[in-house]
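Per the UniProt record's numbering, the very first residue in the sequence shown carries number 1; after that it's consecutive. Heads up, the beta-carbon is just placed ideally off N, CA and C, and yes, glycines get one too.
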Amino acid sequence: MLDEPTTYLDQHHLKKVVRTIRRSPSSFCIASHDRAFLDAVATKIWLLEQGKITEYNGSFSDYVLARSMQLSQYEQELKQYQKEKKKIKQSLRMMKEKQDQKKGKPKKMSTSEYRIAGIKTKYGVKQKKLQKRITRQQKKLEQLKQPYQVEDKYDISFLSQLHCLPKRKIIIPSHEAKIGQKSLWHTPTIHLNSGDKLGIIGRNGAGKTTYLNYLISVLPSTYKICYFRQNHFQYLDPKMTVYEAIVEATNGYLSEHHIRTLLALLDFKRDKVFRLIGDLSRGEHVKISLL
(Lines of atoms letter the chains of each structure in order from A and count residues from 1; the text may use other names and numbers.)
(Lines give C-alpha, C1' and ligand atoms only; values in the text may rest on other atoms or scores of the structure.)
Protein backbone atom coordinates (compact mmCIF):
# COMPACT_ATOMS: atom_id res chain seq x y z
CA MET A 1 0.00 0.00 0.00
CA LEU A 2 1.54 3.31 -1.07
CA ASP A 3 -0.06 6.65 -0.15
CA GLU A 4 1.34 9.52 -2.26
CA PRO A 5 4.83 7.95 -2.45
CA THR A 6 6.29 10.53 -4.85
CA THR A 7 5.46 13.70 -2.91
CA TYR A 8 9.00 14.52 -1.77
CA LEU A 9 11.08 12.46 -4.21
CA ASP A 10 13.51 13.92 -6.72
CA GLN A 11 13.62 12.48 -10.26
CA HIS A 12 16.53 10.16 -9.47
CA HIS A 13 14.78 8.43 -6.58
CA LEU A 14 11.43 8.52 -8.37
CA LYS A 15 12.90 6.42 -11.18
CA LYS A 16 14.22 3.95 -8.60
CA VAL A 17 10.74 3.57 -7.11
CA VAL A 18 9.26 3.00 -10.58
CA ARG A 19 11.86 0.31 -11.36
CA THR A 20 11.28 -1.40 -8.01
CA ILE A 21 7.51 -1.56 -8.51
CA ARG A 22 7.81 -2.80 -12.10
CA ARG A 23 10.24 -5.59 -11.18
CA SER A 24 8.42 -6.72 -8.06
CA PRO A 25 6.13 -9.80 -8.28
CA SER A 26 4.01 -8.31 -5.47
CA SER A 27 0.69 -6.51 -5.92
CA PHE A 28 0.60 -2.77 -5.23
CA CYS A 29 -2.27 -0.43 -4.34
CA ILE A 30 -1.19 3.17 -4.89
CA ALA A 31 -3.07 6.36 -3.99
CA SER A 32 -1.52 9.21 -5.96
CA HIS A 33 -2.15 12.47 -7.82
CA ASP A 34 1.10 12.01 -9.79
CA ARG A 35 -0.23 11.20 -13.25
CA ALA A 36 3.16 10.47 -14.82
CA PHE A 37 4.01 8.08 -11.98
CA LEU A 38 0.68 6.26 -12.31
CA ASP A 39 1.15 6.05 -16.06
CA ALA A 40 4.54 4.40 -15.49
CA VAL A 41 3.45 1.73 -12.99
CA ALA A 42 -0.33 1.19 -12.98
CA THR A 43 -2.03 -1.60 -14.95
CA LYS A 44 -5.47 -0.89 -13.52
CA ILE A 45 -7.09 2.34 -12.30
CA TRP A 46 -9.79 2.64 -9.64
CA LEU A 47 -11.66 5.94 -9.63
CA LEU A 48 -13.25 6.86 -6.30
CA GLU A 49 -16.06 9.33 -7.02
CA GLN A 50 -19.42 10.15 -5.46
CA GLY A 51 -19.08 7.27 -3.02
CA LYS A 52 -18.47 4.67 -5.74
CA ILE A 53 -15.44 2.89 -7.21
CA THR A 54 -15.23 2.54 -11.00
CA GLU A 55 -12.58 0.25 -12.48
CA TYR A 56 -10.62 1.00 -15.66
CA ASN A 57 -8.15 -1.47 -17.19
CA GLY A 58 -4.82 -0.21 -18.48
CA SER A 59 -2.53 2.71 -17.67
CA PHE A 60 -3.50 6.19 -16.53
CA SER A 61 -3.44 7.36 -20.16
CA ASP A 62 -5.90 4.58 -21.03
CA TYR A 63 -8.11 5.79 -18.19
CA VAL A 64 -7.98 9.39 -19.45
CA LEU A 65 -9.03 8.25 -22.93
CA ALA A 66 -11.90 6.12 -21.58
CA ARG A 67 -12.98 8.97 -19.30
CA SER A 68 -12.97 11.41 -22.19
CA MET A 69 -15.20 9.09 -24.20
CA GLN A 70 -17.56 8.75 -21.22
CA LEU A 71 -17.73 12.53 -20.87
CA SER A 72 -18.50 12.93 -24.57
CA GLN A 73 -21.27 10.32 -24.31
CA TYR A 74 -22.64 12.02 -21.17
CA GLU A 75 -22.82 15.39 -22.94
CA GLN A 76 -24.70 13.84 -25.88
CA GLU A 77 -27.12 12.05 -23.56
CA LEU A 78 -27.62 15.26 -21.56
CA LYS A 79 -28.51 17.19 -24.72
CA GLN A 80 -31.00 14.48 -25.71
CA TYR A 81 -32.48 14.49 -22.20
CA GLN A 82 -32.90 18.28 -22.22
CA LYS A 83 -34.45 18.15 -25.71
CA GLU A 84 -36.94 15.42 -24.71
CA LYS A 85 -37.79 17.21 -21.46
CA LYS A 86 -38.48 20.45 -23.33
CA LYS A 87 -40.64 18.59 -25.86
CA ILE A 88 -42.76 16.93 -23.14
CA LYS A 89 -43.21 20.18 -21.21
CA GLN A 90 -44.26 21.99 -24.38
CA SER A 91 -46.75 19.20 -25.17
CA LEU A 92 -48.17 19.38 -21.64
CA ARG A 93 -48.55 23.15 -21.82
CA MET A 94 -50.43 22.95 -25.14
CA MET A 95 -52.77 20.20 -23.88
CA LYS A 96 -53.53 22.09 -20.66
CA GLU A 97 -54.26 25.26 -22.63
CA LYS A 98 -56.60 23.25 -24.86
CA GLN A 99 -58.26 21.74 -21.80
CA ASP A 100 -58.77 25.17 -20.20
CA GLN A 101 -60.31 26.55 -23.40
CA LYS A 102 -62.88 23.74 -23.51
CA LYS A 103 -63.94 23.81 -19.87
CA GLY A 104 -67.61 24.56 -19.15
CA LYS A 105 -70.71 23.64 -21.14
CA PRO A 106 -70.94 23.82 -24.94
CA LYS A 107 -72.57 27.02 -26.22
CA LYS A 108 -75.52 25.18 -27.90
CA MET A 109 -76.36 23.20 -24.74
CA SER A 110 -78.58 24.57 -21.98
CA THR A 111 -77.44 24.41 -18.38
CA SER A 112 -79.99 21.71 -17.49
CA GLU A 113 -79.04 19.61 -20.53
CA TYR A 114 -75.36 19.93 -19.67
CA ARG A 115 -76.00 18.78 -16.09
CA ILE A 116 -78.08 15.80 -17.26
CA ALA A 117 -75.70 14.74 -20.05
CA GLY A 118 -72.57 15.26 -17.96
CA ILE A 119 -69.50 13.35 -18.99
CA LYS A 120 -71.50 10.97 -21.18
CA THR A 121 -71.72 13.64 -23.86
CA LYS A 122 -69.28 13.63 -26.76
CA TYR A 123 -67.73 16.75 -25.25
CA GLY A 124 -67.23 15.07 -21.89
CA VAL A 125 -65.57 12.07 -23.53
CA LYS A 126 -63.11 14.36 -25.32
CA GLN A 127 -62.22 16.05 -22.06
CA LYS A 128 -61.65 12.70 -20.41
CA LYS A 129 -59.38 11.55 -23.25
CA LEU A 130 -57.45 14.80 -23.08
CA GLN A 131 -56.96 14.39 -19.34
CA LYS A 132 -55.64 10.86 -19.89
CA ARG A 133 -53.12 12.19 -22.42
CA ILE A 134 -52.02 14.85 -19.94
CA THR A 135 -51.60 12.21 -17.22
CA ARG A 136 -49.52 10.01 -19.56
CA GLN A 137 -47.25 12.93 -20.47
CA GLN A 138 -46.81 13.89 -16.81
CA LYS A 139 -45.85 10.31 -15.98
CA LYS A 140 -43.43 10.26 -18.91
CA LEU A 141 -41.83 13.46 -17.61
CA GLU A 142 -41.47 11.97 -14.11
CA GLN A 143 -39.87 8.80 -15.50
CA LEU A 144 -37.42 10.71 -17.69
CA LYS A 145 -34.02 10.13 -16.08
CA GLN A 146 -31.22 12.65 -16.25
CA PRO A 147 -27.93 11.04 -17.40
CA TYR A 148 -25.45 10.18 -14.65
CA GLN A 149 -23.00 13.06 -14.36
CA VAL A 150 -19.49 11.86 -15.22
CA GLU A 151 -17.54 14.53 -13.41
CA ASP A 152 -17.80 17.92 -11.75
CA LYS A 153 -16.25 20.82 -13.59
CA TYR A 154 -14.44 23.33 -11.42
CA ASP A 155 -14.71 26.95 -12.41
CA ILE A 156 -11.33 28.60 -11.87
CA SER A 157 -12.11 31.71 -13.91
CA PHE A 158 -11.26 33.85 -10.87
CA LEU A 159 -7.61 33.10 -11.65
CA SER A 160 -7.91 35.12 -14.88
CA GLN A 161 -7.02 38.25 -12.93
CA LEU A 162 -3.43 36.97 -12.92
CA HIS A 163 -3.22 37.63 -16.67
CA CYS A 164 -3.67 41.37 -16.08
CA LEU A 165 -0.40 41.87 -14.22
CA PRO A 166 2.00 44.58 -15.47
CA LYS A 167 5.03 43.53 -17.58
CA ARG A 168 8.29 43.54 -15.66
CA LYS A 169 11.87 42.38 -16.10
CA ILE A 170 13.53 40.64 -13.17
CA ILE A 171 17.30 40.49 -12.74
CA ILE A 172 18.63 37.90 -10.28
CA PRO A 173 22.29 38.53 -9.35
CA SER A 174 24.87 35.75 -9.45
CA HIS A 175 25.27 34.00 -6.13
CA GLU A 176 26.96 31.07 -4.41
CA ALA A 177 25.27 29.15 -1.60
CA LYS A 178 27.34 27.28 0.98
CA ILE A 179 26.71 25.12 4.00
CA GLY A 180 29.89 25.39 6.01
CA GLN A 181 32.67 24.79 3.50
CA LYS A 182 30.40 22.86 1.13
CA SER A 183 29.21 24.72 -1.95
CA LEU A 184 25.61 23.85 -2.83
CA TRP A 185 25.45 25.82 -6.08
CA HIS A 186 26.79 28.83 -7.93
CA THR A 187 24.52 30.64 -10.37
CA PRO A 188 25.25 33.36 -12.93
CA THR A 189 23.11 36.48 -13.29
CA ILE A 190 19.66 35.45 -14.52
CA HIS A 191 17.14 37.58 -16.45
CA LEU A 192 13.43 36.77 -16.24
CA ASN A 193 10.44 38.43 -17.86
CA SER A 194 6.87 38.59 -16.58
CA GLY A 195 5.07 35.44 -17.59
CA ASP A 196 8.18 33.21 -17.64
CA LYS A 197 7.76 29.85 -15.91
CA LEU A 198 11.01 28.71 -14.32
CA GLY A 199 11.41 25.10 -13.23
CA ILE A 200 14.14 24.20 -10.72
CA ILE A 201 15.15 20.53 -10.68
CA GLY A 202 17.83 18.57 -8.85
CA ARG A 203 18.33 15.76 -6.36
CA ASN A 204 17.16 15.96 -2.76
CA GLY A 205 19.63 18.11 -0.85
CA ALA A 206 20.94 19.86 -3.97
CA GLY A 207 19.76 23.25 -2.67
CA LYS A 208 16.47 23.90 -4.51
CA THR A 209 14.67 25.30 -1.46
CA THR A 210 17.75 27.32 -0.55
CA TYR A 211 17.69 28.90 -4.01
CA LEU A 212 13.99 29.77 -3.69
CA ASN A 213 14.72 31.50 -0.39
CA TYR A 214 17.56 33.39 -2.08
CA LEU A 215 15.21 34.55 -4.85
CA ILE A 216 12.78 35.93 -2.29
CA SER A 217 15.60 37.79 -0.54
CA VAL A 218 16.73 39.62 -3.71
CA LEU A 219 13.33 40.51 -5.21
CA PRO A 220 12.26 44.14 -4.68
CA SER A 221 10.00 44.76 -1.68
CA THR A 222 7.45 46.35 -4.04
CA TYR A 223 6.77 42.95 -5.62
CA LYS A 224 3.90 40.87 -4.30
CA ILE A 225 5.23 37.35 -3.70
CA CYS A 226 3.17 34.23 -3.13
CA TYR A 227 5.28 31.44 -1.65
CA PHE A 228 3.83 27.93 -1.37
CA ARG A 229 6.31 26.32 0.98
CA GLN A 230 7.22 22.66 1.08
CA ASN A 231 6.28 22.62 4.78
CA HIS A 232 3.10 24.66 4.24
CA PHE A 233 1.23 22.46 6.76
CA GLN A 234 2.97 24.32 9.58
CA TYR A 235 1.56 27.70 8.58
CA LEU A 236 -2.15 27.07 9.20
CA ASP A 237 -3.61 26.81 12.70
CA PRO A 238 -5.22 23.34 13.00
CA LYS A 239 -7.77 24.77 15.47
CA MET A 240 -9.06 27.32 12.95
CA THR A 241 -11.96 26.67 10.60
CA VAL A 242 -11.43 26.84 6.85
CA TYR A 243 -13.37 30.10 6.71
CA GLU A 244 -11.38 31.68 9.57
CA ALA A 245 -8.08 30.72 7.94
CA ILE A 246 -9.00 32.52 4.71
CA VAL A 247 -10.26 35.60 6.59
CA GLU A 248 -6.96 35.80 8.49
CA ALA A 249 -4.86 35.22 5.36
CA THR A 250 -6.65 38.01 3.46
CA ASN A 251 -6.65 40.40 6.45
CA GLY A 252 -10.38 40.95 6.03
CA TYR A 253 -9.89 42.32 2.51
CA LEU A 254 -12.46 39.95 0.96
CA SER A 255 -16.16 39.95 1.80
CA GLU A 256 -17.88 36.87 3.22
CA HIS A 257 -19.66 36.37 -0.11
CA HIS A 258 -16.35 36.48 -2.03
CA ILE A 259 -14.65 34.06 0.37
CA ARG A 260 -17.55 31.60 0.24
CA THR A 261 -17.59 31.79 -3.57
CA LEU A 262 -13.86 30.99 -3.79
CA LEU A 263 -14.17 28.14 -1.29
CA ALA A 264 -17.17 26.70 -3.13
CA LEU A 265 -15.09 26.53 -6.31
CA LEU A 266 -12.71 24.26 -4.40
CA ASP A 267 -15.61 22.11 -3.14
CA PHE A 268 -15.81 23.71 0.32
CA LYS A 269 -19.55 24.36 0.24
CA ARG A 270 -22.12 25.20 2.90
CA ASP A 271 -21.07 23.80 6.31
CA LYS A 272 -17.75 22.52 4.93
CA VAL A 273 -16.31 26.04 5.40
CA PHE A 274 -16.59 25.47 9.17
CA ARG A 275 -14.46 22.31 9.17
CA LEU A 276 -11.31 22.52 11.27
CA ILE A 277 -7.98 22.78 9.44
CA GLY A 278 -6.71 19.90 11.57
CA ASP A 279 -9.45 17.62 10.22
CA LEU A 280 -8.65 18.19 6.53
CA SER A 281 -6.95 15.65 4.29
CA ARG A 282 -3.54 16.53 2.85
CA GLY A 283 -5.12 17.33 -0.51
CA GLU A 284 -7.71 19.64 1.07
CA HIS A 285 -4.95 21.29 3.12
CA VAL A 286 -3.01 21.99 -0.08
CA LYS A 287 -6.06 23.61 -1.71
CA ILE A 288 -6.52 25.96 1.25
CA SER A 289 -2.81 26.82 1.32
CA LEU A 290 -2.82 27.61 -2.41
CA LEU A 291 -5.89 29.80 -2.04
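S183 is bridged by DSSP to K178. Taking every protein chain shown into account, the CB of I200 has fewer than 16 other CB atoms within 10 angstroms, so this residue is exposed. With a contact defined as Cβ atoms closer than 8 angstroms, T6 and F37 qualify at about 5 angstroms. DSSP, reduced to helix, strand and coil, places A249 within a helical segment of the structure shown. In this structure, DSSP gives T20 a helical state, which the three-state scheme calls helix. Q131 sits away from L92, with the two beta carbons spaced by 8 angstroms or more. Listed in chain order, the non-local C-beta contacts of G278 below 7 angstroms within the same chain comprise P238 and K239, local neighbours out to five positions each way being set aside.
Excluding residues up to 5 positions away in sequence, L78 and Y81 lie with their Cβ nearer than 8 angstroms to the Cβ of Q146 in the same chain.
Between V242 and I288 a beta carbon distance of about 6 angstroms is seen, short of the 8 angstroms cut, so the two are scored as contacting. By DSSP's assignment, L276 forms a beta bridge with T241. As computed with DSSP, D3 is found in a beta bridge with A31.
Of the residues E49, L48, Y63 and H258, the one whose Cα lies closest to the Cα of A42 is Y63. Closest option to S174, judged by alpha-carbon separation, among Y211, P188 and L254: P188.
Annotation for W185: A177 and G207 place their beta carbon closer than 6 angstroms to its own, counting only its chain and skipping 5 residues before and after. Going by DSSP, L192 is part of the beta strand (DSSP E) stretching over I190 to N193. One thing to note: N193 has its Cβ within 8 angstroms of the Cβ of K169. Within its own chain, the residues whose Cβ lies closer than 6 angstroms to the Cβ of D3, once the five positions on either side in sequence are excluded, are A31, listed in chain order. Annotation for I53: W46 and L47 place their beta carbon closer than 8 angstroms to its own, counting only its chain and skipping 5 residues before and after.
In the DSSP assignment, L48 forms a beta bridge with I53.
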